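Residue numbers (the numbering used here), protein chains in the order written: chain A, -6 to 483; chain B, 95 to 358. Glycine is no exception: its CB is placed at the ideal position from the N, C-alpha and C atoms. Note that the structure is a prediction, hence the values are computed from the model and not measured.
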Ligand code: SF4
Ligand code: SF4
């Protein structure tokens, strides 16, 4: 696959490969399945290499049940369960072989010939612990929650204020988006990518387009690459501002909430003024941009004003003890857990893991730009919020640089992948690493698109910071992770 | 906290006087549904229908221009406006697409007159309580619904409130194409509401399924699931479009779109 260092291996060898990768300090990112030919299933394992360089890919065609790697790489557990649901392919010795993304017993959607539930040893969708102590109470909450929120169901086992165990069920919103790409032209696929996670429209479209571009081995013109950075950073800014406001809501700092949300609104209005879309949709295309953007003279001062107001706002948050007291030491994510469970984005950077795709695997025009990657070590809600605040400032500084250096030129190259081509694309979304892998069919249309979203990773991690904590801190902790459910459930 | 007093003051000033006064709806540059002018269509041309990702535009020989346009399916991707060689489909700022009848989203040569709000809906002129259910959105629609309570739009000033309890809600506001897994919880929420109760479909997903409808996990929006009293397509509809639709529901603003045409 273009964009990777690929090897074809027997599935039985994957356990050894996974252990070696762990020992060398690489990181498994995802595994997914597809049908290269009818009746043939192939597994693709992606990893970040220990040192920089290209992403690693192992492909294998299982005969019988492939070994589960979830005991070596816990973060792969969900990916394997999803394959069991969607392809009816069982992994041997999976530690929690329960249904994950499907809500009912239907035949595996990607493999109509397999019977429903053929693949699983157990078929309860929610692996809840059996707790018999009478003092432990159970509180199921959702999927319709209070206020305007995405649907998900959370189960709390608790005594008094103390949460003993916590289990989120996140796939009520599973729309089967990956399957919806099949049969689309590569150009049209962008419309779907923009609607996997609305507040990540740019990151999703960008990773998708870059995957198509990798499959086509084409070069995106310089101006388009620079403008892509502008769009991606605008997305980061409005997301992080929303996050700060929402976090203030959970600590009941009302004015702080209002101000964060007002700044988010300003940022969205800037998006609309520049592009016609508050979510920056409808701009990206394989090969560059759908049309040129003319950032007028107004943009730079507008961004500078937003930056100054944000700095003042963050400064006030930093001096609000009632707010800080609720964040500091809340929801601590240990570095070890962050690594094992696959935390990503600001969440991992708040737990001392210094990774950012923009720097480590540069795309668009990031290699030419001064990039600040804030990292902290506390791993608590405060650290996560401080990382995001610092990223707003860095993003605006970077956009100013883009505007300063922007050159005239074309914004689109022809990028038509050949039949059978494959490509991997990625982006550091506001929430972390996002991958798109695309397989083009013999007819030139999309045959399989796999999406690895950052919220899928961080939702997997989040419960580890909830078990054995206090009910009162729950909402703050959840807000501090900055998760989406649409991105996770797809 | 004295620290925040200054922000408290600016917050008051941040609220737009729209829709009571002025034009400052915050959407000056937001692109809306493509405007359709069939008199510009060329004989036998249907490039828009070929590119349209959701079938909002479909070839129909007997229709004006040879195509049928259903804004209830439009995801505002603007691909048709880029493809159209004559400007028969052109970019616009028409986004106030909240309608009482689904048919009003379909482009018609001669639109039918506006449907009157049902008598019960007028009762909410003074205050309206909404229960929101996300039935499988991409979260774009939620992002705009959440924006309604930011200081700029400040929905409360119009006497409209979101409530956690379906029992106290007059209006069920639904986003998303209705995934199979959300069908049950959605129905249960509706059933928990006291009558009279009303339903609003927000976003193209809820109106018709949008990009997500169909497939192994999703329905095609609210039609056939719940009785819908107000349809608002858009992907997502912007906060001002949502406010305008809510006021239309209450009979406080006239419906802007009839027969797929947006009044000036
Ligand atoms: S803007 Fe609407 S009508 Fe035009 S191509 Fe996109 S979805 Fe179809
Ligand atoms: S209508 Fe558009 S923005 Fe709203 S949920 Fe559907 S895809 Fe997302």
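- Beyond the five residues adjoining it in sequence on each side, residue 215 of chain A comes within less than 8 angstroms, by CB distance, of 358, 400, 402 in the same chain, given in chain order.
- Pairing residue 348 of chain A with residue 22 of chain A, the inter-Cα distance amounts to about 13 angstroms.
- Each of B:162, B:107, B:178 was checked against the Cα of residue 142 of chain B, and the nearest Cα belongs to B:178.
- Interface residue (Cβ-Cβ distance to chain A less than 9 angstroms): residue 276 of chain B is classified as such.
- Those residues of the stretch 160 to 177 of chain A placed with their C-beta closer than 9 angstroms to a C-beta in chain B are 164, 165, 166, 167, 168, 169, 170, 172, 173, 177, ordered along the chain.
- Here the C-alpha atom of residue 130 of chain A lies approximately 10 angstroms from the C-alpha atom of residue 155 of chain A.
- Look at residue -6 of chain A here: in three-state DSSP terms it is coil, with no helix or strand label.
- Contact of residue 188 of chain A with chain B is assigned, a C-beta pair being separated by under 9 angstroms.
- For residue 235 of chain A, the enclosing alpha helix (DSSP H) begins and ends at 215 to 243.
- Near ligand 2, meaning a Cβ closer than 5 angstroms to any of its heavy atoms, lie the following residues in chain order: A:188, A:191, B:231, B:232, B:234, B:235, B:297, B:298, B:299, B:304, B:329, B:330.
- The alpha-carbon separation between residue 425 of chain A and residue 27 of chain A amounts to approximately 25 angstroms.
- The residues 373, 374, 466, 469, 470, in chain order, have a CB closer than 6 angstroms to that of residue 323 of chain A in the same chain once the five nearest residues on each side in sequence are set aside.
- Within the stretch 387 to 418 of chain A, not one residue has a Cβ closer than 9 angstroms to any Cβ of chain B.
- For the set A:445, A:452, A:479, the Cα lying nearest the Cα of residue 39 of chain A is the one of A:445.
- Runs of alpha helix (DSSP H) with 4 or more residues, each lying fully within the stretch 175 to 202 of chain A, are found at 179 to 186, listed in chain order.
- Among the residues facing chain A, residue 207 of chain B is not included, as its CB has no counterpart in that chain under 9 angstroms away.
- A Cβ of chain A is located within less than 9 angstroms of the beta carbon of residue 237 of chain B.
- For residue 184 of chain B, the secondary structure class from DSSP, reduced to helix, strand or coil, is strand.
- With respect to chain B, the C-beta atom of residue 434 of chain A has no partner C-beta closer than 9 angstroms.
- Between the stretch 345 to 353 of chain B and the stretch 189 to 197 of chain B, the count of Cβ pairs shorter than 8 angstroms is three or higher; the stretches touch.
- Contacts with chain B at 9 angstroms (Cβ-Cβ) include residue 141 of chain A.
- Contact annotation: in the stretch 113 to 125 of chain B, residues whose CB is within less than 8 angstroms of a CB in chain A are 120, 121, 122, 123, 124, 125.
- Looking at the DSSP output, residue 256 of chain B shares a beta bridge with B:224.
- Of B:345, B:279, B:97, the smallest CA-CA separation from residue 165 of chain A is found for B:279.
- Legend: CB atoms of the stretch 472 to 483 of chain A lying less than 9 angstroms from CB atoms of chain B belong to residues 477, 478, 479, 480, 482.
- In this structure, the C-beta of residue 148 of chain B approaches ligand 1 to less than 8 angstroms from one of its heavy atoms.
- Judged by their CB atoms, residue 319 of chain A and residue 343 of chain A are not nearer to each other than the 9 angstroms cut-off.
- Below the 7 angstroms Cβ cutoff, chain B contributes no neighbours of residue 450 of chain A, its closest Cβ being approximately 17 angstroms away.
- Rounded to whole angstroms, residue 228 of chain B and residue 137 of chain B show a C-alpha spacing of 43 angstroms.
- Proximity of residue 185 of chain A to chain B, defined by a Cβ-Cβ separation below 9 angstroms, is satisfied.
- Against chain B, the CB of residue 275 of chain A has a partner CB under 9 angstroms away; the residue lies at that interface.
- Proximity to residue 290 of chain B across B:309, B:239, B:306, B:262 peaks at B:262, based on C-alpha coordinates.
- With distances taken between CA atoms, residue 170 of chain A lies nearest to A:187 out of A:159, A:178, A:187, A:157.
- Judged by DSSP secondary structure, residue 474 of chain A falls within the alpha helix (DSSP H) whose first and last residues are 464 to 474.
- Judged by DSSP in its simplified three-state form, residue 424 of chain A adopts coil rather than helix or strand.
- Under the 8 angstroms Cβ criterion, the stretch 78 to 91 of chain A counts as touching the stretch 48 to 63 of chain A, having at least three qualifying pairs.
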